[in-house]
Amino acid sequence: MKSELINFRDFGGYPTQDGRFIKEAIFFRCGSYRDLTEEDRDYIRSLNIQNLCDYREVSELDRDELRETFAKKVYTISASEHLGGFEDDKNLPYTALSSEDMEVFYTKLVFDNPAYINVFKILQEDNSVPYLHNCTAGKDRTGVGTALIQLALGMSEEDVLFDFLKSIQAFDAIVENEVRRLKYGRSIETLYHKMPGLIVKPSYLNAALDTIKAKHGTYDAYFEAEYGLTAEKIAVLRERFTETR
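Read in our numbering, the sequence shown has 1092 at position 50, and its numbers run on one by one without any break.
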């Protein structure tokens, strides 16, 4: 039976700039849990997830996803609702979404974001991993959340971008999920208007990272200002979640 897990992967295993490696099988990412097979659900449960962070908005949540069975703790804190949210009004037409719109969206995600603030709070607690986070496609809000964790643990920008772009491989599954989610009588053709939002491009993540550096100068300064992660706290996270090989 075909798996319905969208954009699921382990985002550990990468080298860090101090010669260590992010541990594998403790950090996972994916898209929504809509239409999962029982085998998919059993697989997630087998990972022994301690904390699941769902970045979707209320309007995106689906019934009967059984998220509460996937982890000991489930947090539903949207990474985008505080920015105004997605279109959900049946009277609003789909307008053309541009790559520039996506870049602006990414730059807004990385500041004063309650979802990511919660993530770094969780990661400082005992028994914080295995950890899983998701949004609908598992590429934008989840992609930024993943990048921030990887940067905090010492990965290079190049490797962070490489991992981010792996979401391109999930394009077919992302589009299929969007087709299933169409409502208010909208046709498949309307998805063409939001095509930049169904893919990932280097410029999306780079826009966020460039904005961070423009405002704070360094990632260390950013993590301390946004999440209270001092150099000492960063060192603790790296000791806990990275290893030598």
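For every residue, glycine included, the Cβ atom is placed at its ideal position computed from N, Cα and C.
Where does residue i sit, in a helix, a strand or coil, going by DSSP?
{"i": "T1253", "result": "helix"}
{"i": "I1230", "result": "helix"}
{"i": "E1046", "result": "coil"}
{"i": "F1070", "result": "strand"}
{"i": "I1210", "result": "helix"}
{"i": "R1282", "result": "helix"}
{"i": "D1052", "result": "strand"}
{"i": "I1007", "result": "No answer is possible for residue 1007: the residues shown for the chain start at 1043 and end at 1287."}
Please name the residue, chosen from the options, that lies closest to residue i on a Cα-to-Cα basis.
{"i": "N1176", "options": "M1144, S1122, K1163 and D1214", "result": "S1122"}
{"i": "A1138", "options": "G1239, Y1056 and S1229", "result": "G1239"}
{"i": "E1102", "options": "L1108, S1088 and S1120", "result": "S1120"}
{"i": "E1261", "options": "E1199, K1243 and F1213", "result": "Residue identity differs from the one stated: residue 1261 is Tyr in this sequence, not Glu. The shortest Cα separation from Y1261 among E1199, K1243 and F1213 belongs to E1199."}
{"i": "L1078", "options": "Q1192, N1049, F1162 and I1230", "result": "N1049"}
{"i": "Y1158", "options": "L1190, V1146, S1141 and F1283", "result": "L1190"}
{"i": "R1062", "options": "D1106, M1197 and S1045", "result": "M1197"}
{"i": "F1038", "options": "E1099, F1069, L1047 and S1045", "result": "Because residue 1038 is not part of the residues shown, which for the chain are 1043 to 1287, the question remains open."}
{"i": "T1286", "options": "S1229, D1060 and E1220", "result": "D1060"}
{"i": "I1241", "options": "G1180, R1223 and N1160", "result": "G1180"}
{"i": "V1100", "options": "R1087, G1126 and E1080", "result": "G1126"}
{"i": "S1292", "options": "S1229, D1082 and V1186", "result": "Residue 1292 lies beyond the stretch modelled for the chain, which goes from 1043 to 1287, so this question has no answer here."}
{"i": "Y1269", "options": "P1156, D1182 and H1124", "result": "P1156"}
{"i": "A1256", "options": "D1143, F1153, I1086 and H1124", "result": "F1153"}
{"i": "V1161", "options": "D1143, Q1192 and L1224", "result": "Q1192"}
{"i": "D1143", "options": "K1163, D1168, D1182 and I1086", "result": "D1182"}
Check the Cβ-Cβ distances between residue i and every residue of chain B, and say whether any is below 9 Å.
{"i": "V1161", "result": "This model lacks chain B altogether, as it is built from one protein chain only."}
If I measure Cβ to Cβ from residue i and keep anything under 8 Å in the same chain, skipping five residues before and after, which residues do I get?
{"i": "A1304", "result": "The first residue shown for the chain is 1043 and the last is 1287, placing residue 1304 beyond what the model contains."}
{"i": "L1279", "result": "L1165, Q1166, A1194, L1195 and L1271"}
{"i": "A1067", "result": "D1052, G1054, L1089 and P1172"}
{"i": "I1276", "result": "A1194, D1262 and F1265"}
{"i": "S1141", "result": "P1238, K1243, S1245 and Y1246"}
{"i": "N1133", "result": "Bear in mind that the predicted position of N1133 carries a pLDDT of just 44, short of 50, making it unreliable; the figure below should be weighed with that in mind. If we look at N1133 and ignore the five residues flanking it on each side, it has no Cβ neighbours."}
{"i": "R1222", "result": "R1076 and D1077"}
My guess is that residue i and residue j are in contact by the Cβ rule of under 8 Å, so how many angstroms apart are they, rounded?
{"i": "V1217", "j": "L1233", "result": "7 Å"}
{"i": "T1178", "j": "G1073", "result": "6 Å"}
{"i": "L1203", "j": "L1247", "result": "6 Å"}
{"i": "A1249", "j": "E1145", "result": "4 Å"}
{"i": "E1046", "j": "D1084", "result": "E1046 to D1084, Cβ: 13 Å. No contact."}
Can you find the residues in the same chain that come closer than 7 Å, C-beta to C-beta, to residue i, ignoring five residues on each side of it along the sequence?
{"i": "T1118", "result": "D1096"}
{"i": "E1110", "result": "V1116"}
{"i": "T1184", "result": "R1071, Y1097, H1175, N1176 and C1177"}
{"i": "T1149", "result": "A1249, A1250 and T1253"}
{"i": "I1086", "result": "F1112"}
{"i": "N1169", "result": "Q1092"}
Note down, in chain order, each residue of its chain lying with its Cβ closer than 6 Å to the Cβ of residue i, except the 5 sequence neighbours on either side.
{"i": "R1002", "result": "In the structure displayed, the chain extends from 1043 to 1287; residue 1002 sits before or after that span and is not available."}
{"i": "F1213", "result": "none"}
{"i": "P1057", "result": "F1063"}
{"i": "D1201", "result": "Y1056"}
Along the chain, which unbroken stretches of the beta strand (DSSP E) at least 3 residues long are found entirely within the stretch 1087-1133? 1091-1096 and 1113-1118
Counting only runs that start and end within the stretch 1150-1194, where is the alpha helix (DSSP H) found for 4 or more residues in a row? 1156-1165 and 1183-1194
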